[in-house]
Ligand SMILES: Nc1ncnc2c1ncn2[C@@H]1O[C@H](COP(=O)(O)OP(=O)(O)OP(=O)(O)O)[C@@H](O)[C@H]1O
Ligand SMILES: Nc1ncnc2c1ncn2[C@@H]1O[C@H](COP(=O)(O)OP(=O)(O)OP(=O)(O)O)[C@@H](O)[C@H]1O
Ligand SMILES: [Mg+2]
Ligand SMILES: [Mg+2]
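Chains as they are written, first to last, in this note's numbering: chain A, 4 to 329; chain B, -15 to 265; chain C, 34 to 432; chain D, 396 to 729; chain E, 396 to 729.
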């Protein structure tokens, strides 16, 4: 990964003097990082590497041990036909895959954008002092707290065109002129999934942003108050820059989750081409179809795509890795 | 004070509470609907109601009496708590290193940690499964605790790192002069100042572990070791195609309540101004 | 020995299983624990595949769907010898579906086939007969629906089926295609037969129903959603599995006693017939079982006539042993079962045997093509042509 | 522009009452200095005036209008916080310009001009692009001052704005503030300080606070020459006024006699005798601490350098015209 | 316990060199005061000595041993930060006790005793249970001092510890610090201040810093009487020394003549003539500002109160024995 250039390690002039304090801290840092690194290496290292390895083989789940190395075949291979035409096969030319990539990216960006904005609004509300704030905070977390497998089904129930409460509500309130088959039609399937996802994960965003808001020193708001800064301006000029780090991590993790979205779609619209995402496709190939290697290749490519988008985001969002240290 | 001033204040107050009400309604409505549903059974399930029409605790009774739901609840509590405590413990120390000590490759390390969160869960399922069997912890809570670190740890490390970066350097320096070791600085100086972040990440990670389904299903194979989401998925109607909505909703209500309590208890720690008064400048 | 059996069975099903296992334990001295699984067959399949791939020794006996046998054949024991005595009692078509390359992968525990549910009361009220062809069904459904709506029941629909893009749609569509004489997607000898006029006609016909006698939302229904609408009394006809029968007659059901079942209608054309997709569950023994003998014993027990009879009586599951359809107890206790024999004998297997490990993908391609057609993305003929090409690609040299 | 009036203003934090009923009038355009012991409530009073803190009871008036509930932004104030409260994410320039950019119709050039003028005055021109955390303590404090003075408020509130500056800069800045005040005759300034020189030189009037109450308000000379109480007498002037009790005071027919160090003369015919315990040489003056049987040593200020070994016995006399006499209640006898 | 030696110590933040090669010796048990204009590097130097900041080059020795790399905790220091740096979540008591609780083998009673002693001395006993945010600025500063003095270090580092205290308290605390120093003869103290009085009264020696370099080190009197440069002359003493250039200086055969305000006399036969532009009455003294054709007005200090209307023309004379003469390079002519 080209992260070295991301300003991670500001080039510190080589110091002759490495003080004990620095050393002690470096030692402590090492000591502190080791448990984490070991934990991650064990829990993630082997499965990840294995998965990547399988993407270069012809493995099938019925016969993993007999997997043979086939190089990039799962990604791209070609065949020269008798007529001289070249036929490309493999993941890189699989229209289903690219459709899924497009679906995923579209889904991820839309949902995260909405969640960030709504999450910010909710966080700001929760940050205000008012009676019953504790209960409201708990209430707001409920969507996130309900297990996805339940809430997804609950929503599919609520989104049902015949006995779904949303259609009923929409009709009663005059928002809908006729009952809509939300998850059935390709036009609304994505919208339905987005609605549910936004409903479900806004609390995650809101809570993280709230934590960020709480860490902002209060006295500068007093200064702003004196400066006569309008609340809106206060938000954009003070709050936003200062919660930015928290907002950025919240977005990163939401983005990672959204790009790997699986369970929600799997329950709501499992096989609609309009919402099929990379993860759903990967699962299908890994377990349902007898294409473990192909599924592994999808996972690997999914990983690369996410990595690319994340790096792009970190770079564009100028997420900093430094500061705070002495 | 003029009347219009009052009016404006009042309007603001009203608008604010309207917003709060709106947010609460949107968040809670499906849950409310779930609660309603949990009191219903049979065909009533397919009828739309906005207010409770019937009230029966049958579904709750069913859930608590069939299978080993109470046991699953305890499992979930155990697994989630241990996962979160472990993750927070490892993460808070690691984030100290990542946020407060300058060393080469820090950015790269952070990205690598993040990278682990970039792989789809399904893809690591097979490998993790082998690993867990190899370690001999298959079908124990440890299998879940172990596998959950894959998603809790990067998250907690990143969030805590971000928050720890913002703590004033001066306070840390004062502690250094007072002779505090990094460990003391973390536990006695930084942690109390990071309550909002700790509680938030703790809660989010807890809920993540609490609701995890795929690993829990794959790495356990008996009713006594399973967690609540799996137990809910295992709730079933009398026949294959029948989904026992009433029971599922009752179960969901049951599993959501501890979380709500948890939030109510811990949200007190999400307060602002913890660093106020410490430094000037 | 200590055995464990994994089962995606549900509520009463599990209770029933436990009861049978208790007997088995008493008889043999083995102990058996049940490992319950979510009822979603896709979830089960993925899990089982993973467990088997990892050589999981914790599970001895698996309950398997009819279509899984070819895909999991490698990891199950060959039961041919052990079951030599009893295979003859079962319907040969079912035994055949569980035999892969001469290896008997699983023993049938019960079978399943869908039927046409219809509202007796409404047909009577409007003076209609139970339709025997799809065309009749469409006409009847339309008429009654319009009449009922005119009477103020605005929620009324004509026909409900399972239209979501999933295995259930494959079952439904296979019925339509087969009933029109359009083959069964991939024939037993492995030829891809789906791209034909009859099949296209069948699917186009259904496409015409959507938004007409069937709600748009039907394209997202699985069994429960369609049953929901049906059981609210909002449909004239409904295609579903036997389970909906007892539920529909439940105490709180508005349609209790107002409906009945009949074989699914036939299409028209040369080979038109009534067709129902074959479902059903089986028991298989894991290759990795530490105690294969005891496990086999258990499997045989669960497939035995004794258990099947109990199952029929208590669960109204269709036996796979022909003789049980003439059993007096069953006729008395579950009158519906003998009636179902007719339906069941028209049952068509899904092409899981010829397509082997690739069945799931075949099915997925098929239901996608059908779903596309039903949603109005292209005509059946176009979609089936593409499907054929895709299937040919998938097939490669051989299935 | 604004005259400020406080009527029986009180402020409590929880159970602790910090401002215990303050009546005070600050005239329009006046330069009012608050002094008082640390913790007596100066900052709190300033924050009440600014509106950052709500008053618990009483009334606050700006130009005769009650503003108890008026938002700080509407009071037309600029404030220098004791703790600076700089925006950590903004550069010095942005910190100083922020308030201005909010006012409508200010063009960029105008803002830059004003910020640069203030920066020059405070000698922080070269740090305009730095972040607060890259500045020294005094530089931060100057930014805080700069942020206030770039604006054009009706009321200036300064909370110990010069405490971290060196003598030269402090004098320079003090003079600049005085000039600023002269240039804006309508602008009211309230200034908290611990520095005697600042208080004496800047103030039109000084308000001495003690434990949440106003002890005395008056011009610097009034306070210096006619303190209303022992407390004010002891508080105003450096070194602290010597308080002499007992017989020596009785001789002046009072309970406590107050004599400033600078109003004592060492002379052979001095009426009191004391033993040198310590001398402090400040360059321009020397303070001689004498043990005279009082609670605290008596300080005598001598111009220029002087050296007395500890233990030397000296005779001193107060300058009679300059002594202050207080009764038992600590009130002046006149 | 510790003598501190700095040899050509430099410190750069990124590209900005802040300490530009400081050589300095602080003797064991000495009270060394750092003064210098805001931003000259005093705090930085203190932080280098404390070990919080690594020196970029040069050598730092404690008792003759190079400690360039020694951890702060091993240097035996206690420090009062300019920005207080209190632990916001701990009560005053906890703040002060924290360092002690980290030392092994300290029993609770002993800690309590020491904290309370310090608290009494600083008059913050009644705030022991408060959090820093509930304190006034001066109280916070006292907690910061208290935190340092409860410990028993070899070296005390004070960064403007009294800047937020009122005069009385400042004097009291200053005296306590002086006592503390007397009581611990081995303890070295380094003290940064902007206050002339503090510097003059507390210091054994004063180190004048200017722009990252040592300008002069000496006893207070040395600096006051024999400044090594114009800069030091101008920096030490308040009001600032008057610098008179041109003909008037030439008459004293130097480029610049330095005369302190207190060394000027207003007398009819004064050799210079000036116009009063401003008078400042501080109570004990009055400063008269005269326009005399110099760059800056000339300040004359008069004891007691005096009133001259602006525009009055006065004649003044320097006290010849007290004048300072400097050459073009700003060095003294002796
Ligand atoms: N992190 C930093 N990055 C860049 N420059 C810095 C940094 N910290 C301090 N400086 C600069 O170093 C110089 C010396 O700072 P220092 O804090 O030592 O000054 P000081 O003498 O203590 O001043 P004051 O009396 O105002 O506290 C200042 O000009 C300051 O701007
Ligand atoms: N939030 C609070 N809760 C309780 N007491 C408080 C709070 N804020 C201030 N106080 C107390 O109120 C008193 C007055 O505080 P204030 O800050 O006004 O003092 P001050 O006169 O500005 O002192 P200083 O000169 O030290 O800055 C102090 O004794 C302080 O301890
Ligand atoms: Mg204050
Ligand atoms: Mg400093």
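Don't be surprised by glycine CBs; every beta carbon is placed ideally from N, CA and C.
What are the residues that DSSP puts in a beta bridge with residue 611 of chain E?
As a position in the fifth chain, residue 611 of chain E is number 216, starting the count at 1. In the DSSP output, where bridge partners are listed per residue, residue 611 of chain E has E:603.
By Cβ distance below 7 Å, which residues in the same chain neighbour residue 532 of chain D in space, the five residues on each side in sequence not counted?
Translated into the one-based positions of the fourth chain, residue 532 of chain D becomes position 137. Result list for residue 532 of chain D: 559, in chain order.
For residue 339 of chain E, report the span of its beta strand (DSSP E) as first-last.
The first residue shown for chain E is 396 and the last is 729, placing residue 339 of chain E beyond what the model contains.
C-alpha gap between residue 312 of chain A and residue 505 of chain E, whole angstroms
As a first step, residue 312 of chain A must be located in the first chain, where it is residue number 309. As a first step, residue 505 of chain E must be located in the fifth chain, where it is residue number 110. Residue 505 of chain E has its alpha-carbon roughly 59 Å from the corresponding atom of residue 312 of chain A.
Using a Cβ-Cβ distance under 8 Å, would residue 125 of chain B count as near chain E?
Along the second chain, read from residue 1 onward, the residue named residue 125 of chain B stands at position 141. With 8 Å as the cut-off, residue 125 of chain B does not count as an interface residue toward chain E.
Got a sec? Which residues, its chain only, sit under 7 Å from residue 291 of chain C by beta carbon, not counting five neighbours each side?
Locating residue 291 of chain C in the third chain gives position 258, counting from the first residue. Closer than 7 Å at the Cβ level, and outside the excluded window around residue 291 of chain C, lie 152, 153, 154.
Taking only heavy atoms of ligand 1 into account, decide whether any of them is closer than 7 Å to the Cβ of residue 264 of chain B.
Mapped onto the second chain, residue 264 of chain B falls at position 280. Flag unset: Cβ of residue 264 of chain B not near ligand 1.
Starting from the C-beta of residue 644 of chain E, find all residues in its chain whose C-beta is less than 7 Å away, skip the five residues before and the five after it, and write them out in chain order.
Looking up residue 644 of chain E in the fifth chain gives position 249. Only 650, 651, 652 meet the Cβ criterion.
Need the endpoints of the beta strand (DSSP E) that residue 680 of chain D sits in, please.
Here residue 680 of chain D refers to the residue found at position 285 when the fourth chain is read from its first residue. Where residue 680 of chain D is concerned, the enclosing beta strand (DSSP E) stretches over 680 to 686.
Terminal residues of the continuous alpha helix (DSSP H) containing residue 370 of chain D?
Outside the shown range of chain D, which is 396 to 729, sits residue 370 of chain D, and nothing can be said about it.
Nearest to residue 191 of chain B by alpha carbon, out of B:205, B:211, B:204, B:173?
Residue 191 of chain B sits at position 207 when you count from the first residue of the second chain. Of B:205, B:211, B:204, B:173, the residue nearest in Cα terms is B:211.
In the DSSP assignment, what are the bridge partners of residue 454 of chain D?
The residue labelled residue 454 of chain D in the question sits at position 59 within the fourth chain. In DSSP, residue 454 of chain D forms a bridge with D:402.
For the segment 213 to 231 of chain A, which residues have a beta carbon sitting closer than 9 Å to at least one beta carbon of chain B?
Taking 9 Å as the Cβ-Cβ cut-off against chain B, the residues of the segment 213 to 231 of chain A that qualify are 213, 214, 215, 216, 217, 218, 219, 220, 221, 222.
Using only Cβ atoms and a threshold of 5 Å, which residues come within that distance of a heavy atom of ligand 4? Order them by chain position.
The set, ordered by position in the chain, is D:531, D:532, E:438, E:477.
Contact test: residue 606 of chain D Cβ vs ligand 3 heavy atom, cutoff 7 Å:
For the purposes of this step, residue 606 of chain D is taken as residue 211 along the fourth chain, with counting starting at 1. Not so, every heavy atom of ligand 3 lies at least 7 Å from the Cβ.
Below 8 Å, can you find three or more Cβ-Cβ pairs linking the segment 404 to 415 of chain D to the segment 437 to 453 of chain D?
Yes: the two stretches touch, three or more of their Cβ pairs being nearer than 8 Å.
For residue 307 of chain C: DSSP bridge partner residues:
Counted from its first residue, the third chain places residue 307 of chain C at position 274. In the DSSP output, where bridge partners are listed per residue, residue 307 of chain C has C:299.
Return the CA-CA distance between residue 664 of chain E and residue 418 of chain D, expressed in angstroms with no decimal places.
Your numbering for residue 664 of chain E matches position 269 in the fifth chain. Your numbering for residue 418 of chain D matches position 23 in the fourth chain. The C-alpha of residue 418 of chain D is placed about 51 Å away from the C-alpha of residue 664 of chain E.
Cβ-heavy atom distance between residue 369 of chain E and ligand 2 below 7 Å?
For chain E, the structure presents residues 396 to 729; residue 369 of chain E sits outside this window and is missing.
Endpoints, the alpha helix (DSSP H) within which residue 125 of chain C is located
On the third chain, residue 125 of chain C is found 92 positions in, with the first residue counted as 1. Residues 125 to 130.
Buried or exposed: where does residue 173 of chain C fall if 16 or more other Cβ atoms within 10 Å of its Cβ makes it buried?
In the third chain, counting from the first residue as 1, residue 173 of chain C sits at position 140. Buried is the call here.
Buried or exposed: where does residue 251 of chain C fall if 16 or more other Cβ atoms within 10 Å of its Cβ makes it buried?
To locate residue 251 of chain C, count along the third chain from 1; it is residue 218. Here residue 251 of chain C is buried: its Cβ has 16 or more other Cβ atoms, across all protein chains shown, within 10 Å.
What are the residues in the segment 619 to 647 of chain D lying within 9 Å of chain E by C-beta distance?
Among the residues of the segment 619 to 647 of chain D, those with a Cβ less than 9 Å away from any Cβ of chain E are 619, 620, 629, 630, 631, 632, 633, 634, 635, in the order of the chain.
Does the beta-carbon of residue 161 of chain A have 16 or more other beta-carbons within 10 angstroms, so that it is buried, or is it exposed?
Stepping through the first chain from its first residue, residue 161 of chain A is reached at position 158. Buried.
Pull up the distance between the alpha-carbon of residue 552 of chain E and that of residue 441 of chain E, whole angstroms please.
Against the fifth chain, residue 552 of chain E aligns to sequence position 157. Against the fifth chain, residue 441 of chain E aligns to sequence position 46. One C-alpha to the other measures close to 7 Å.
Whole-angstrom Cβ separation of residue 266 of chain B and residue 22 of chain B, contact assumed at under 8 Å?
Since the first residue of chain B shown is -15 and the last is 265, residue 266 of chain B is not available in this structure.
Buried or exposed: residue 167 of chain B, going by 16 or more other Cβ atoms within 10 Å of its Cβ?
Position 183 of the second chain, counted from the start, is the residue given in the question as residue 167 of chain B. By the 10 Å Cβ count, residue 167 of chain B comes out exposed.
For residue 396 of chain D and chain E, any beta-carbon pair shorter than 8 Å?
As a position in the fourth chain, residue 396 of chain D is number 1, starting the count at 1. For residue 396 of chain D, the predicted model reports a pLDDT of 48, less than 50, meaning its position is unreliable and no value from the coordinates is stated.
Identity of the residue in B:202, B:189, B:16 nearest residue 253 of chain A by Cα:
Taking the first residue of the first chain as position 1, residue 253 of chain A is located at position 250. Ranking the options by Cα distance to residue 253 of chain A, first place goes to B:189.
With burial defined as no fewer than 16 other Cβ atoms inside 10 Å of the residue's Cβ, what is the status of residue 287 of chain A: buried or exposed?
Walking along the first chain from the start, residue 287 of chain A turns up at place 284. By the neighbour-count criterion, in which a residue is buried when 16 or more other Cβ atoms sit within 10 angstroms of its Cβ, residue 287 of chain A is buried.
I'd like to check one pair, residue 65 of chain C with residue 78 of chain C: are the Cβ atoms closer than 8 Å?
Start at 1 with the first residue of the third chain, and residue 78 of chain C comes out as number 45. Start at 1 with the first residue of the third chain, and residue 65 of chain C comes out as number 32. Going by C-beta atoms, residue 78 of chain C is not nearer than 8 Å to residue 65 of chain C.
Heavy atom of ligand 1 less than 7 Å from the Cβ of residue 522 of chain D, yes or no?
Counting from one through the fourth chain, the residue named residue 522 of chain D turns up at place 127. For ligand 1, at least one heavy atom lies less than 7 Å from the Cβ of residue 522 of chain D.
Paired residues, beta bridge with residue 676 of chain E - DSSP:
To locate residue 676 of chain E, count along the fifth chain from 1; it is residue 281. Per the DSSP secondary-structure output, residue 676 of chain E pairs in a beta bridge with E:681.
Could you work out which residue in E:491, E:501, E:486 is closest to residue 513 of chain E when comparing CA atoms only?
Numbered from 1 along the fifth chain, position 118 holds the residue referred to as residue 513 of chain E. Here the closest residue by C-alpha is E:491.
Say the cut is 7 Å; is the CB of residue 222 of chain A nearer than that to a heavy atom of ligand 3?
Reading the first chain from its first residue, position 219 is the one you call residue 222 of chain A. Incorrect: residue 222 of chain A has no Cβ contact closer than 7 Å to ligand 3.
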